[in-house]
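Position 409 of the sequence shown, counted from 1, bears residue number 757 in this note's numbering, the numbering being contiguous throughout. Every residue gets a Cβ at the ideal spot worked out from N, C-alpha and C, and that includes glycine.
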Amino acid sequence: MGRLAACFLDSLATLALPGRGYGIRYEYGMFKQNIVDGQQMESPDYWLEYGNPWEFPRHNTRYKVRFGGRVQQEGAKTRWVETEEVLAIAYDQVIPGFDTDATNTLRLWSAQASNEINLGKFNQGDYFAAVEDKNHSENVSRVLYPDDSTYSGRELRLRQEYFLVSATVQDILNRHWAMHKTFDNLADKIAIHLNDTHPVLSIPELMRVLIDEHKFNWLDAWSVVEKVFSYTNHTLMSEALETWPVEMIGKILPRHLQLIFEINDHFLKYVQQEAPGDNDLLARLSIIDEQNGRKVRMAWLAVVVSHKVNGVSALHSELMVQSLFADFARIFPDRFCNKTNGVTPRRWLGLANRPLSAVLDDAIGHTWRTDLSQLSEIKPNVDYPSFLLAVQEAKQQNKQRLAAYIARKLNVVVNPDALFDVQIKRIHEYKRQLLNVLHVITRYNRLLQDPETERVPRVVIFAGKAASAYYAAKQIIRLINDVAKVINHDPRVHDRLKVVFIPNYGVSLAQMIIPAADLSEQISLAGTEASGTSNMKFALNGALTIGTLDGANVEMREHVGEDNIFIFGNTAEQVEELRRNGYNPHQYYEQDAELHQALTQIATGAFSPEEPKRYSNLFDSLVNLGDHYQLLADYRSYVDTQDRVDELYRHQDEWTRRAVLNIANMGYFSSDRTIQEYADQIWHIKPVKL
């Protein structure tokens, strides 16, 4: 979502739309990923080690952010008292538009202790205690995504979320007051967009500030809040939906918990009027989940309050109102809409792929960078061999650059003439890197069983980080590296198959890998990926996609044409039907000889001879414990589709022709189009003419 937000900020400025981004100025990123003995090892990623030349400190813009304390009633007035305070200091980054004078601002908040040092404890020689409060306060902006597998880690994340929204709401109101000297027109002048649930605490925070500090009555504050907020949902998976224990919010943000209860009460009274006597409906719609240890459902809070709620692909938005928010959609039918994600062509084609950009510039001029629909003008060129050759040469340049990087960094020599088969994204079971590995093993087995058959050489490239506490994902990384070690050192394979895992994936690496890809792996279980944007970046750079009908893949197929994308596997409806009817993965394991062989090799240590049972948990999760993401159900379709990929790659001109048609039909997936839709249909903002 951070990468998506960066594309959106770029488009806002390029379209001269007035908008500001807010976030936290972290000292450390998630972590630096190193691979040691095939395993992910994490080390600190100190983002501010050399400072940030693009930022402007605004030391005169600071706000007090409060935590803890208690709520005190004084007649009709409510006060939040006895709190601890942290200062939020503003740092601004200029977001320039492309080929325009318009700029916007990204404002990031850095935490600073309100008391630098306890001098009494310092003078007593207790030096650690003297700075303990300072460290506790400033931890809020220390690390991106702290490990939330512990109570203290969860509490820190909650503090981070409130720190961001409190400083931001205060800043928005301060700037509004400076311009208008009244809050009566607040709902007419500002729009606050909640990018997923992490900033949803801004809803009770704005209510609190309006009621407690600016003397609004409850209903007047409510009428402002429900006009100001809009919300983007980014996931349908119940395990990924953010919830917070009532007890934890009550401890850290007691006034906000009180307001959340009041909002819930106000909403449920409305529901009772609409559907009297339906207690099951009330339980399903309640912001407070009473069934699972009393938790605040942040997505529910966002939907109840926001005037618009959108998904990020047509399929995701459809599933959102059919499943996750079905009850809400019946009550608020006009609240839900779709805004399919997009990517900025300036970074993901113009900057990342200079060779291909030069070919496009020669063919259709330079202005596609601000109007990506112009790429359709290259369609007639698919019949010109000279144009296809230029596209092939651009791809080859990018592949040679990536091959040189792999040789330098990983000491693995890969053949740039091979098909570069790429899956780069965070490592998660639903993204199914493990399905890719099963195909790699099957491919390896075929090479050994029938060495004389001529096969299309492949380099299979993985990259991505696993969350530090996500054991299964880290095991998948280890398996990829173990499989790579066996295959890359087997002299019988030669250059016909290589496997590489490139560590420490990030934007800079993506800008090198994506232009070099021939095949883009978008193989999540249908119905689990909200949209995805790497799928768009790959196609824009002339890679063909192998994917399920999931997320934005569905719309990509509509735009690029069925013949120009490799679709496999069950649809979202078939996935659900399989679940309803009782999915039996063991049956697939027993009935498919190649699948049986690959899984048995994993289970018996063929790729980990020094520790044969290393992957018994992975094997069990697939064969004996339900295969939650249905890899085995999609395996045969996936492998057969990979055979079709090979067959097409043998015909290079036809492959390139289809790659060009992908590029030509990707105009819809510009973030400029996405942002224009948000501006017109949700935020109701117009460009500012300078």
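Per DSSP, the unbroken alpha helix (DSSP H) holding Ile-679 starts and ends at 674-679. Inclusion of Leu-750 and Met-860 in the CB contact set at 8 Å is warranted, their separation being smaller than that value. Residue burial is scored here from C-beta neighbours: Thr-801 has fewer than 16 other C-beta atoms within 10 angstroms and is therefore classed as exposed.
Ala-515 has its alpha-carbon roughly 51 Å from the corresponding atom of Asp-911. In this structure, Ile-597 keeps its C-beta atom at 8 Å or more from the C-beta atom of Ser-489.
Contact annotation, Pro-863 with Asn-889: C-beta distance approximately 5 Å; criterion of less than 8 Å satisfied. Boundaries of the beta strand (DSSP E) around Ser-868: 867-870.
The beta strand (DSSP E) runs of length 3 or more contained entirely in the stretch 630-683 are, from start to end of the chain, 643-645, 656-659.
The C-beta of Pro-401 has fewer than 16 other C-beta atoms within 10 Å across all chains shown, which makes the residue exposed. Excluding residues up to 5 positions away in sequence, Val-788, Tyr-792, Val-841, Leu-845, Lys-846, Val-847 lie with their Cβ nearer than 8 Å to the Cβ of Ile-835 in the same chain. Put simply, of Ala-874, Asn-612, Tyr-374 the residue whose alpha carbon is nearest the alpha carbon of Val-923 is Ala-874. In the DSSP assignment, Glu-390 falls within the beta strand (DSSP E) that extends over 387-391. In terms of CA proximity to Ile-635, Thr-591 leads the group Leu-663, Thr-591, Gln-621, Phe-849.
Three or more Cβ pairs closer than 8 Å define a contact, and the stretch 572-592 meets that threshold against the stretch 627-645.
In the displayed model, Lys-747 falls within a helix according to three-state DSSP. Contact between the stretch 431-440 and the stretch 408-420 is established, with three or more Cβ pairs separated by less than 8 Å.
Leaving aside the five residues that flank Lys-380 on each side, the residues in its chain whose CB is nearer than 8 Å to its CB run, in chain order, Glu-390, Ser-391, Pro-392, Asp-393, Asn-852. Beyond the five residues adjoining it in sequence on each side, Ile-538 comes within less than 7 Å, by CB distance, of Ile-520, His-524, Val-576 in the same chain, given in chain order. In its chain, beyond the 5 residues on either side, Asp-496 have a beta carbon closer than 6 Å to the beta carbon of Arg-502. Partner residues in the beta bridge of Asn-452, as assigned by DSSP, are Ile-443. Going by C-alpha positions, Glu-1002 is about 13 Å away from Phe-735. Non-local C-beta neighbours of Leu-629 in its own chain, meaning closer than 8 Å and more than five positions away in sequence, comprise Val-619, Ala-623, Asp-675, ordered along the chain. Counting along the chain, the unbroken alpha helix (DSSP H) around Arg-826 starts and ends at 819-836.
Here DSSP, grouped into helix, strand and coil, assigns His-714 to coil. Taking all protein chains in view, the Cβ of Gln-949 is crowded by 16 or more other Cβ atoms within 10 Å, so the residue is classified as buried. The three-state secondary structure of Gly-812, taken from DSSP, is coil.
Between the stretch 1016-1028 and the stretch 981-993, the count of C-beta pairs closer than 8 Å stays below three; the two stretches do not touch. Secondary structure note for Phe-511: its alpha helix (DSSP H) is the uninterrupted segment 499-528. The beta carbon of Leu-980 sits closer than 7 Å to the beta carbons of Pro-933, Tyr-936, Tyr-937, Leu-943, Leu-970 from its chain, once the five residues preceding and following it are set aside; these are given in chain order. The alpha-carbon of His-976 is positioned some 54 Å away from that of Leu-1038.
When Ser-500, Ala-865, Glu-610 are compared, the shortest CA-CA separation from Ile-551 is found for Glu-610. One Cα belongs to Lys-727, the other to Pro-1035, and the distance between them is close to 32 Å. Of all alpha-carbon atoms in Gln-508, Thr-545, Lys-563, the one lying nearest the alpha-carbon of Thr-530 is that of Lys-563.
Excluding sequence positions up to five before and after Ala-662, its CB lies within less than 7 Å of the CB of Asn-686, Thr-688, Val-902, Glu-903, all in the same chain and listed in chain order. Ranked by how close their Cα comes to the Cα of Gln-606, the residues Ile-559, Gln-639, Gln-621 have Ile-559 in first place. Taking Asn-759 as the centre and dropping the five residues before and after it, the same chain places no C-beta closer than 7 Å to its C-beta.
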